[in-house]
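Note that this note's numbering has the sequence shown beginning at 314, numbered continuously upward. Note that CB positions come from ideal geometry on N, CA and C, so glycine has one too. First up is the structure itself, then whatever we jot down about it.
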Amino acid sequence: MLSIRSLRLSLRFVIPLVIALTVLAYALVPLVDNLMLRWFVRDMDIRAQFVANTLHDPLVELLQQENRSKINALLVRATRDERLLAVGVCTTEGKLRYRTRAYPESIGCLPDTAPGKKISPLHRLPQGAVHVSINPIEQEGAQIGSLIVIHDMSFVERRSTDTRKYVIMFITLLGVIISVITVFVAQLSWRGWMDGVRAMIRGEGIVKPFAQPAVASELQPLAGDLRQLLRSYDAERRLADDVTVTWSPDFLRKLLHDQLAGERIIVVSNREPYIHIKMPDRIEVHRPASGLVTAVEPVMRACSGTWIAHGGGTADRETVDRNDRAHVPPENPEYVLRRIWLTDEEETGYYYGFANEGLWPLCHIAHVRPIFRSSDWGQYIAVNQRFADAVAAEAASDDPVVLVHDYHFALLPQMIRKVLPKATIITFWHIPWPNPESFGICPWREELLKGMLGSTILGFHTPFHCKNFLETVDRYLETRIEHESSTISRHGQLTLVESYPISIQWPPPWQETQPPVSECREAIRRSLGLAADHLIGLGVDRQDYTKGILERFRAVENMLENHPEMRGRFTFIQIAAPTRSALEDYQLFESQVRNLADRINERFSTGSWQPICLKAEHHEPEEVNRYYRAADVCMVTSLHDGMNLVAKEFVAARDDEQGVLILSQFTGAAHELHESLVVNPYHIEQTAEALYNALAMPDFEQRARMRSMRTLVRDFNVYRWAGRMLLDAARIRQRERLAARIGRDL
């Protein structure tokens, strides 16, 4: 027997159901009546038109003969249809000339039946409703009268009554069935189910709604996944709403622990974060001039894990253990560096050939033709597979979090996916992504795209690069693309394509130890033999044709031409680390840079002063930072770039809030650092004028611009960049685990 409490719980379902069905009945019956009436009126219109068309020709002939008896006989025969009540013929003057016996007197010829005038077809008579149709009778294009066709509509009321009865019976029966089912289900599972849901949300054990322990044990893993998913969504919502979050190494560690259960990250890149160089009497450790290393190395320090990279230093083999691992940083080890050794043939084909003679110019609009060779492609596949094998060997579980970096490893995500299907693979593409037409130049475009779509998340610097990638995939592969959610589905594998603007460490690692700005200015000027008030411009780049170094030098030359007062007062220092010197294009470019610097110096030099100081050698980050602090202007004039972290490094170094940043509009940084002087590097005169304005800019304006840019770099630092990707990865991992659990257990 049902308890009072159970009955009350059941009534909570039944009473609202009864009210809803009653309201539905009252709303539905008039709707059905109106719908049926419209159907029948349409039917009567068609019938009346058919009758009029049938009678028209013989009626015209009889009207000409004025044969009343035959006309009446014709009209009477027409009314033998059970629903056709009466027929009449009216003159054009509105006089009823012929009619059948049942023709209603009250209708007559309807005085407002002039040609083209609309009237209601329904009329209410004492004996019931009728449908009236007025049809013109024409002879040789002229109207000579009207045929009035009247149908009996009383059958509509009878059918409407039957329909209302059936609708009410159906709703009543439906209500009874639903009420019975509702009461049954409520009594069976309400209390246990609600208690179970509450227990899952609170993190307690599963309450057995059906008093079967087996069910509870099966639902226990699902409950755990559900709780984690809820926490993930809640954490993401809080982070989105909380603008006061300070992104730091500690916060990133906490995020990794909370959202990814303390997962150790596996990073894959071609360039290693630390290079061991053999000197005559010692081994030196260098950090390469790489934006990728600048961004990712602080993240690895915060998250720990393993960094897999190509070991190319002359002492790299001497500084690893038997498993090719080294603990770095050397002064305070915080993560593991796993080195991969490449033969000269592999490095030539994979790195110098396919990656840097093919993909690099393909993705950069820098007017250097990409070169693709089948032999290079073969080495590219082989090296990517070697790195995939290394990831599998370093993974401590079957579902690691792997961060794949840059264009050297376009095939790697799919290769990892084959050996570790459950892995969460985040691929970040550090360089621009071209439009579909440009990418179509690559002979292996489909293979590269398929490889990249092995990623769980595919990141780019800007939404524009994401858009280019989506359009490229849409052009060359059969996939399902959801532009609203920026996802690509291929063979059941879903890839999120998202923009994550990369940044730098904040505060800089040498924030507490760097010398004051005044000391840096004095030391740099003294080393170059310059006066204390001498103005300095600075460029920091690898010697790459995409960086706009030649255009920068020409802008300096143009500025000195147009503003001769700057001669002897201004020197431009170009730090240009050699890179890829084995390639002919880079050898030619290095020669062009030297020759142009020499020509400009020869043209303008006076005494010991030279306008351009070219430092074509490697500089450690701490040393570059001193140049940032000493410079009055920093010029970043890339012809095409993903982000360019030099711009952000310069801003971060200027805690005195002085100095001016000149920034190419073709960098990703230009979309963030709006207070810089943004230029088109191809427009030499514009860039030259921006350089002069920067040198002449008053201190208060420099301070206002630099303060705004420093706030942005501080808030949107590298920890935020990594954190946003890891948050998305955690959300996707929880969703996939929950989906797998539901598919297996339910």
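Residues of its chain near residue i, where Cβ-Cβ distance is below 8 Å and the 5 sequence neighbours each way are ignored
i, result
"Glu985", "Pro814, Leu1025 and Phe1029"
"Tyr665", "Arg893, Ala895 and Leu896"
"Ala442", "Leu435, His436, Met466, Ser467, Val469 and Glu470"
"Arg838", "Ala844, Ala845, His847, Ile849 and Ala943"
Inter-residue spacing [alpha-carbon to alpha-carbon] between residue i and residue j
i, j, result
"Ser951", "Arg635", "42 Å"
"Glu784", "Asn748", "8 Å"
"Arg967", "Pro828", "12 Å"
"Val445", "Cys403", "13 Å"
"Leu1039", "Arg1048", "14 Å"
"Glu597", "Glu835", "28 Å"
"Asp945", "Met765", "42 Å"
"Asp356", "Arg381", "31 Å"
"Phe523", "Ile491", "Below a pLDDT of 50, predicted positions are generally treated as unreliable, and Phe523, at 35, falls in that range; the measurement from the model is reported next regardless. Between Phe523 and Ile491, the C-alpha separation is close to 22 Å."
"Arg1046", "Val704", "19 Å"
"Arg682", "Leu569", "42 Å"
"Lys780", "His796", "9 Å"
"Phe468", "Ala365", "22 Å"
"Leu976", "Pro611", "25 Å"
"Thr367", "Ala415", "21 Å"
"Ala679", "Asp898", "12 Å"
"Gln818", "Val641", "17 Å"
"Tyr663", "Leu990", "38 Å"
"Ala615", "Val732", "28 Å"
"Ile514", "Arg1050", "With a pLDDT of 36 at Ile514, under the threshold of 50, the modelled position of this residue cannot be trusted; read the value that follows with caution. Rounded to the nearest angstrom, the two C-alpha atoms are 17 Å apart."
"Pro994", "Pro822", "31 Å"
"Ala890", "His804", "44 Å"
"Arg390", "Pro329", "58 Å"
Reference residue i; option with closest CA among the options
i, options, result
"Phe883", "Pro891, Leu990, Val869 and Glu825", "Val869"
"Trp673", "Thr740, Trp746, Thr619 and Arg638", "Trp746"
"Arg1067", "Tyr995, Leu807 and Thr476", "An answer regarding residue 1067 cannot be provided, because it is not within the stretch 314 to 1059 covered by the chain."
"Glu750", "Leu675, Gly920 and His640", "Leu675"
"Arg942", "Ser561, Gln923 and Ala965", "Ala965"
"Asp954", "Ala709, Arg396, Leu605 and Arg437", "Leu605"
"His718", "Trp742, Asp712, Ala708 and Ala706", "Trp742"
"Val649", "Val400, Pro593, Gly981 and Ala708", "Ala708"
"Pro924", "Val609, Glu644, Ser798 and Glu878", "Glu878"
"Asn448", "Glu418, Arg838 and Thr405", "Thr405"
"Ser617", "Lys567, Thr632, Glu658 and Asp637", "Lys567"
"Val992", "Ile588, His369, Arg865 and Thr775", "Arg865"
"Glu644", "Tyr587, Ala723 and Ala628", "Tyr587"
"Arg788", "Gly772, Arg758, Thr627 and Thr607", "Arg758"
"Leu655", "Ala639, Pro642, Pro994 and Ile621", "Ile621"
"Arg939", "Arg1016, Thr632 and Val830", "Val830"
"Asn583", "Tyr1005, Ile653 and Asp637", "Ile653"
Sequence-distant residues of the same chain with beta carbon closer than 7 Å to residue i, five excluded per side
i, result
"Pro934", "Arg600"
"Glu988", "Arg1018, Ser1021 and Met1022"
"Leu863", "Gln905, Val906 and Leu909"
"Leu873", "Met879, Arg880, Phe917 and Pro924"
Residue range of the unbroken beta strand (DSSP E) whose run includes residue i
i, result
"Arg803", "Thr800 to Arg803"
"Trp297", "Coverage of the chain is limited to positions 314 through 1059, which leaves residue 297 absent and any answer about it impossible."
"Asp945", "Looking at the DSSP string, Asp945 is not in any beta strand (DSSP E), and its letter there is neither H nor E."
"Ile588", "Ile588 to Lys591"
"Gln923", "No beta strand (DSSP E) holds Gln923; DSSP gives it neither H nor E."
"Ala639", "Arg638 to Val641"
"His718", "Val714 to His718"
"Ala455", "Ala455 to Asp465"
"Val580", "Ile578 to Val581"
Spatial neighbours of residue i in its chain, beta-carbon cut-off 6 Å, leaving aside the 5 residues before and after
i, result
"Gln1060", "In the structure as shown, the chain begins at 314 and stops at 1059. Residue 1060 is therefore absent and cannot be evaluated."
"Gly767", "Pro726, Gln727 and Arg730"
"Asp1041", "Ile770"
"Cys947", "Leu851, Phe963 and Leu974"
"Arg577", "Ser617 and Gly618"
"Val959", "Val853 and Val949"
Bounding residues of the alpha helix (DSSP H) (the contiguous stretch that carries residue i)
i, result
"Pro726", "Leu725 to Val732"
"Ile684", "Element bounds for Ile684: n/a, residue is neither H nor E."
"Asp570", "First, the amino acid is wrong: residue 570 is His here, not Asp. Taken as a continuous stretch (DSSP letters only), the alpha helix (DSSP H) holding His570 covers Pro562 to Leu573."
"Leu675", "Trp673 to Cys676"
Cβ-heavy atom distance, residue i to the ligand NAD, below 7 Å
i, result
"Asp702", "By its list of ligands, the structure shown contains no ligand whatsoever, and the ligand NAD lies outside what it can speak to."
Ordered list of beta strand (DSSP E) runs contained in the stretch 349 to 419, each at least 3 residues = 397 to 403 and 409 to 412
Runs of alpha helix (DSSP H) wholly within the stretch 815 to 900 (minimum 4 residues, chain order) = 830 to 840 and 862 to 875
For the stretch 734 to 811, list the beta strand (DSSP E) runs that are entirely contained and at least 3 residues long, ordered along the chain.
-> 737 to 741, 770 to 773, 793 to 795 and 800 to 803
Would you mind listing the alpha helix (DSSP H) stretches within the stretch 961 to 1036 that are 4+ residues and don't spill past its ends, in chain order?
-> 997 to 1009 and 1012 to 1028
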